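Note that the sequence shown covers residues 580 to 759 in my numbering. The structure under discussion appears below in the form of structure tokens.
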Amino acid sequence: MEETIHEKMIVMNPTSFSYTSNIVQKFEEFSRQCKICGAPALHNYYGVLSCSPCKMFFKRNALTGQKRFECVFSGQCDVNINNRRICSSCRLAKCFTSGMRSTLIRCSLLKNIKSKQKQDKMLKSIAKTSNILQTIQEQNQPHRKELCSLFVMPEMNSTMQFLTAQISEHILIVILFCVD
């Protein structure tokens, strides 16, 4: 089993345990700060270690925010936990310069676009199928009576003959459609 650097330091000098743990604790605290505002952060969002408020701010504004926001101080605002709500333009700019990527956002807008693309693809498929069926019907129109008469028996009354002919026509269309 491998020992971590922290464990080795404790074994080497047991009296410096509190000093070592304080250094490690401060390092962990520093490394767990939001890269945008400096607030405590636990996770990477959109490619950068950030707090939940900055994550949501970026999600809401990344696609359209740069066009809407304008800094009144020429883009020189310092963004931190205390003033992060003051200048949205500088906060969004800091999100991008810290490495947040809008391509990682999976918002309802992107879901709607994908849903629309899927629906368009389905409609094209239905139209193509309808065109194929229409072509089959047109090709078999001259032989329709001959093909349908194969399924009609002379002893049937006219209503039965008509229904049988209609059913036969649909069966033939399906059979012809399935055969390559």
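Think of the CB as a built atom: it goes at the ideal place given N, C-alpha and C, for glycine as much as any other residue. Just so it is clear, the structure is predicted and the values come from calculations on it, not from any experiment.
Please list, in chain order, all residues of the same chain as residue i whose beta carbon is under 8 angstroms from its beta carbon, the five residues on each side excluded.
i	result
I584	With a pLDDT of 49 at I584, under the threshold of 50, the modelled position of that residue is not reliable, and no figure is offered here.
G654	S668, C669 and A672
V658	I615, C616, C666, C669, R670 and K673
N640	R647, F648, S667 and L671
Just to confirm, is the Cβ distance from residue i to residue j under 8 angstroms?
i	j	result
M679	G626	yes
C674	I615	yes
L642	S681	yes
C650	C633	no
Which residues does DSSP list as the beta-bridge partners of residue i?
i	result
L628	N623
Q716	BP columns for Q716 are empty, so no partner.
Assign residue i to one of three DSSP states: helix, strand, or coil.
i	result
Q612	strand
I665	coil
F652	coil
G644	helix
D699	helix
I746	helix
A618	coil
Q691	According to the sequence displayed, residue 691 carries Asn and not Gln. DSSP places N691 in helix when its eight states are reduced to three.
G659	Residue identity differs from the one stated: residue 659 is Asn in this sequence, not Gly. It is coil, neither helix nor strand.
I711	helix
R639	helix
Leaving out five residues before and five after residue i in sequence, what residues of the same chain have Cβ atoms less than 6 angstroms from its Cβ?
i	result
C630	C613, A618 and A620
I746	none
Rank the options by C-alpha distance to the C-alpha of residue i and give the top, closest one.
i	options	result
F636	E717, K697, R664 and K693	R664
N623	K707, I684, Q718 and K646	I684
Using a Cβ-Cβ cut-off of 7 angstroms (strictly less than) and excluding sequence neighbours within five positions of residue i, which residues of its own chain qualify?
i	result
F648	S667, S668 and L671
I660	C616, G617 and A618
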